[in-house]
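Undergrad: Residue numbers (my numbering): 4 to 141. A virtual CB, placed ideally from N, CA and C, is assigned to each residue, including glycine. If you're wondering where the values come from, they're calculated on a predicted model, not measured in any experiment.
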């Protein structure tokens with residue numbers, strides 16, 4: 004639907020060492036060791052988006068171990084991955100992650116369009132939610 008090319012990698016050695024500026028990665032194998040190796044490799048590539056699916060506790064453990072190995076954690080690391088839209092089901096969670104990747108690559112804010120002061124396709128400026136509520140009562 005978005006025209007994105009996707010592929011599944013089950014071994015960090017299969018990861019491309021020369022990604023382009025539009026490469027994003029999402030990590031979740033249910034295996035701590037595999038996730039650690041994948042993150043170690045992906046974070047060294049300085050991608051604009053590397054998402055980790057899972058709870059904060061697991062993220063913290065992985066981050067501590069990565070930092071112990073002198074891996075640099077850059078601004079492109081998102082964990083837990085996804086935007087906060089109240090997702091519960093796997094499909095909803097996938098939507099939050101795809102939306103977050105789109106936001107990062109397009110330079111969006113993630114604000115509700117209702118809160119925009121300007122046209123949807125113009126420069127981004129969000130209103131304070133309370134101000135937006137006051138306007139909607141007019």
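What is the rounded straight-line gap between the Cα of residue 135 and the Cα of residue 13?
TA: Reliability of the predicted coordinates at residue 135 is poor, the pLDDT of 45 falling under 50, and no value is obtained from them.
Undergrad: Look at the Cβ atom of residue 27, then the Cβ atom of residue 104, and state whether they are nearer than 7 Å.
TA: yes
Undergrad: Cβ of residue 48 within 7 Å of Cβ of residue 22?
TA: Against a cut-off of 7 Å, the Cβ pair of residue 22 and residue 48 comes out as a contact.
Undergrad: Drop a sphere of 10 angstroms on the beta-carbon of residue 59, count the other beta-carbons inside from all chains shown, and report buried for 16 or more, exposed for fewer.
TA: exposed
Undergrad: Identify which residue in 39, 17, 54 has its Cα closest to the Cα of residue 72.
TA: Nearest of 39, 17, 54 to residue 72, Cα basis: 39.
Undergrad: Determine whether the beta carbon atoms of residue 52 and residue 79 lie at a separation below 7 Å.
TA: Yes.
Undergrad: Report buried or exposed for residue 56, applying the criterion of at least 16 other Cβ atoms within 10 angstroms of its Cβ.
TA: buried
Undergrad: Looking at C-alpha atoms only, which residue of 61, 11, 24 is the closest neighbour of residue 109?
TA: 24
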